[in-house]
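Engineer: First residue of the sequence shown: 4, per our numbering; consecutive thereafter.
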Amino acid sequence: MTVPRQPSSPDLPGPPGPGDAEQRPPEDRRHMLRRRWLTATIIVLLIGVPAVYLLISANQSRDSGRDKEKKYSATGLTAGWPSKVQRRLYDVPIPPYSEEVAYYETNNWRTSRLYVQFLTSNEGLDKFLRATGTGKGVSALKKNDITISKRDRKVVGWEFTDPGPWWGLTHEMKNPTPTQDIVVNRSDPKHPMVYVVSTTTP
């Protein structure tokens, strides 16, 4: 026996159709252009500003590197840090966060030398001197004691003629342990400039 289907009531809601959605007024051209312009501006700011910043930073870094290379190339120094092997071999523990770091290495059948310069803090200088084995830190320095020889100064173009005060020391060790001649320019009381010649004879 088949049960007859009841006709659907016209009052019952059916599934929503395209025509049942709330009708929005059409967007006028001026509003559309303004919306597109605002979207484009936001995209440009989100992408363009960081890109320009990175480009400027890269150019400044490259220019700074070129300036340093020009500055040191005439003296034979290389801008940057000597390798970890060089620092360990010559016992030159440059303090972290040092600036204006440059170096030059010479080798022959009898003697090897590492010339290093760096700008550091008073704390960095004290740690450096203690790490090289002086045992006394900055108190080991002697005023007006230019311990780096004229010959070594000439090799890398160091001229200790700027306003001082100048301080220095020689940390002499038995071969093959390196001996360091250290000169410090303290014209800036907070940021001493350090010059080191470390010599080792196998």
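All C-beta atoms, glycine included, are put in the ideal place defined by N, C-alpha and C.
Only a predicted model underlies this, so the values are computations on that prediction, with no experimental measurement involved.
Taking Ser201 and Pro181 to be in contact with their CB atoms under 8 Å, please state how far apart those CB atoms are, rounded to whole angstroms.
Structural biologist: Counting from one through the sequence shown, the residue named residue 201 turns up at place 198. Counting from one through the sequence shown, the residue named residue 181 turns up at place 178. That belief holds up - the Cβ atoms of Ser201 and Pro181 are roughly 5 Å apart, short of 8 Å.
Engineer: Hey, how far is the Cα of His194 from the Cα of Asn125?
Structural biologist: Taking the first residue of the sequence shown as 1, we reach residue 194 at position 191. Taking the first residue of the sequence shown as 1, we reach residue 125 at position 122. Whole-angstrom Cα-Cα distance: 6 Å.
Engineer: Is it buried or exposed for Ile97, if we count other Cβ within 10 angstroms and need 16 for buried?
Structural biologist: By one-based count along the sequence shown, residue 97 stands at place 94. With 16 or more Cβ atoms within 10 Å of its Cβ, Ile97 is classed as buried.
Engineer: Which one of Met176, Leu49, Phe163 has the shortest CA to CA distance from Val186?
Structural biologist: Position 183 of the sequence shown, counted from the start, is the residue given in the question as residue 186. The residue with the shortest Cα to Cα distance from Val186 is Phe163.
Engineer: Is the beta carbon of Gly83 closer than 8 Å to that of Ser101?
Structural biologist: Taking the first residue of the sequence shown as position 1, residue 101 is located at position 98. Taking the first residue of the sequence shown as position 1, residue 83 is located at position 80. No, Cβ-Cβ distance for Ser101 and Gly83 is not below 8 Å.
Engineer: If you count every other CB in all the chains shown that lies within 10 Å of the CB of Arg189, and 16 or more means buried, which is it?
Structural biologist: The residue given as residue 189 occupies position 186 in the sequence shown. When all chains shown are included, Arg189 counts as buried.
Engineer: Among residues of its own chain, excluding the 5 on either side of Gly68, which ones have a beta-carbon nearer than 6 Å to its beta-carbon?
Structural biologist: On the sequence shown, position 65 is the one that residue 68 refers to. Any answer about Gly68 is weak, because its pLDDT of 49 lies below 50 and its placement is not dependable; what the coordinates show is given next. Same-chain partners within the cutoff: there are none.
Engineer: Give me the residue from Arg116, Arg156, Glu103, Leu132 with the minimum Cα distance to His174.
Structural biologist: The residue you call residue 174 lines up with position 171 of the sequence shown. The shortest C-alpha separation from His174 is found at Leu132.
Engineer: Taking only runs of the alpha helix (DSSP H) that begin and end inside the region 72 to 106, which ones reach a length of at least 4 residues, in chain order?
Structural biologist: 87 to 92
Engineer: Less than 8 Å between the beta carbons of Leu117 and Glu108, yes or no?
Structural biologist: Locating residue 117 in the sequence shown gives position 114, where the first residue counts as 1. Locating residue 108 in the sequence shown gives position 105, where the first residue counts as 1. Going by C-beta atoms, Leu117 is nearer than 8 Å to Glu108.
Engineer: I'd like to know whether the C-beta atoms of Pro85 and Val119 end up nearer to each other than 8 Å.
Structural biologist: Position 82 of the sequence shown, counted from the start, is the residue given in the question as residue 85. Position 116 of the sequence shown, counted from the start, is the residue given in the question as residue 119. Yes, they are a contact pair.
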